[in-house]
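**Student:** The structure follows.
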Amino acid sequence: MNTFTIKTPKGERKIGPGEPCFIIAEVSANHNQKFEKAVEIIKKTAEAGADAVKFQTYTPDTLTIDCDKPAFVFEGDENPWKGQKLYDLYKTAYTPWDWLPKLKEEAEKVGLVFFSTDYDITAVDFMEEMGVELHKIGSYEVTHIPLLKRVAETGKPVVLSIGYASLEEATLAIYTLKENGTKDLVVMHCTTTYTENPEMDTMNLHNIQDISKRFDVISGFSENAGGVDSTVQAVLAGARVIEKHVIDTKEESSPDSKFSIDTNELAELVKKVREAEVSLGKVNYGPANEKEVYNMKHMRKSLFIVEDVRAGDVFTKENLRVIRPGIGLSPKHMDEILGKKASSDVERGEAMTWDFVKR
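The sequence shown begins at 1218 in the working numbering and counts up one residue at a time.
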């Protein structure tokens, strides 16, 4: 598993282990089909400190058909879209395709990477015409093998969410991408409950490390829920890319508003993620700073002469002890020195050195 590099309006950006977490703001339907609102979210996303802004490329007709049979109507008391036809929801939620090149320009003006979730092959082709740097495959498309093959053929980095995919399905999707041209792959552990508050007992953040080790890919976290703390926890669990749905303000309502964070929360999320990264630091054994060096010197124990010793005297447990501070020989040398003779007179309170041992 290696890092990879993409071009951004700010220059080259590495993604992967040892690099700052790549933070994606997903706008989805939160523009309420108002172009000015989409631009406003882009600008505030940049101000919040995110790395990228993402939209979704589909139309009602590329996703489904206009049909009111039960299979085409949302059900379930917990479903925020209960009773709506799939077609009608997508008609109010999609991003007009003629906006997308303009939104890409707006994003790049403020330094953001722009890309999209591709829902069918025509969306991939459209994004390729726009010259995006990477592609996103959502959890719902994990089994859409023809789409995965087309995305892989672009040779560009891919972000793949595998929410509720079985291990077999996830394995096939990753294999398909790799076998058809994808070299740089991020696989996102994804929660798809679409709730205002994260359901902590089903977060399963251990999946993040397992994905990385099992598939030899960069792992990330995509959360379709409100709040920021669980996303920060995902970074601590190893996510190198994170994605959150973002709306301008909580006062607004959209098909995705219930499980989105607002732009102020996004700024808080970015701040907390960067603080978490500082605390993670790097692999380091031994003192991490001058304070720890000082504490180690004074709080560790070492070998000290605790009774006056004359030249020729034998070192014993009575005149040589392990005590604080830690400026003498290491306690591991105690058995080597006991029974040996002193090379010179040594006063009580002297830190033990090899010079005191007769050769």
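No residue lacks a Cβ here, since even glycine has one placed at the ideal position from N, Cα and C. Keep in mind it's a predicted model, so treat the numbers as computed, not measured.
In terms of residue numbering, what span does the beta strand (DSSP E) encompassing Ala1270 cover?
**Tutor:** It is worth fixing the name first, because residue 1270 is Val in this sequence and not Ala. 1269-1274 is the extent of the beta strand (DSSP E) around Val1270.
**Student:** Just mark Arg1527 as buried or exposed, buried being the case when its beta carbon has 16 or more other beta carbons within 10 Å.
**Tutor:** With fewer than 16 Cβ atoms within 10 Å of its Cβ, Arg1527 is classed as exposed.
**Student:** DSSP state of Ala1484, grouped into three classes?
**Tutor:** Helix, per DSSP.
**Student:** Where does Val1523 fall in DSSP's three states?
**Tutor:** Val1523: coil per DSSP, three-state reduction.
**Student:** Can the beta-carbon of Ser1560 be found less than 8 Å from the beta-carbon of Asp1572?
**Tutor:** Cβ distance < 8 Å, so Ser1560 and Asp1572 count as in contact.
**Student:** Given that a residue counts as buried once 16 or more other Cβ atoms are within 10 Å of its Cβ, and exposed if not, what is Arg1457?
**Tutor:** So Arg1457 ends up on the buried side.
**Student:** State the CB to CB distance for the pair Ala1288 and Leu1329, rounded to an integer number of angstroms; the pair is presumed to be in contact (CB under 8 Å).
**Tutor:** Their Cβ separation, rounded to whole angstroms, is 38 Å, which puts Ala1288 and Leu1329 out of contact at 8 Å.
**Student:** Excluding the 5 residues preceding and the 5 following Val1563 in the sequence, name in chain order all residues of the same chain whose CB lies nearer than 8 Å to its CB.
**Tutor:** These residues qualify, in order along the chain: Ile1522, Asp1525, Val1526, Phe1573.
**Student:** Which whole-angstrom value describes the C-beta separation of Thr1579 and Tyr1307, a residue pair presumed to lie in contact below a C-beta threshold of 8 Å?
**Tutor:** Only positions 1218 to 1576 of the chain appear in this structure, which leaves residue 1579 out of reach.
**Student:** Does the Cβ of Asn1512 have 16 or more other Cβ atoms within 10 Å, making it buried, or fewer, making it exposed?
**Tutor:** Asn1512 should be labelled exposed.
**Student:** Taking DSSP as the reference, what is the three-state secondary structure of Ser1496?
**Tutor:** Helix at Ser1496.
**Student:** Quick check on Ile1435: buried or exposed, where buried means 16 or more other Cβ atoms within 10 Å of its Cβ?
**Tutor:** That one is buried.
**Student:** Between Met1347 and the rest of its own chain, which residues show a CB-CB distance below 8 Å, the 5 nearest in sequence each way excluded?
**Tutor:** Cβ neighbours of Met1347 beyond the five flanking positions: Leu1317, Pro1318, Lys1321.
**Student:** Starting from Thr1225, follow its DSSP beta bridges and name the residues at the other end.
**Tutor:** In the DSSP output, where bridge partners are listed per residue, Thr1225 has Gly1228.
**Student:** Given a threshold of 16 other Cβ atoms within 10 Å of its Cβ, counted over all protein chains shown, does Asn1424 qualify as buried or as exposed?
**Tutor:** Buried, since its Cβ has 16 or more Cβ neighbours within 10 Å.
**Student:** Give a yes or no on contact between the stretch 1430-1448 and the stretch 1249-1259, applying the rule of three or more CB pairs nearer than 8 Å.
**Tutor:** They do not touch, by the three-pair rule.
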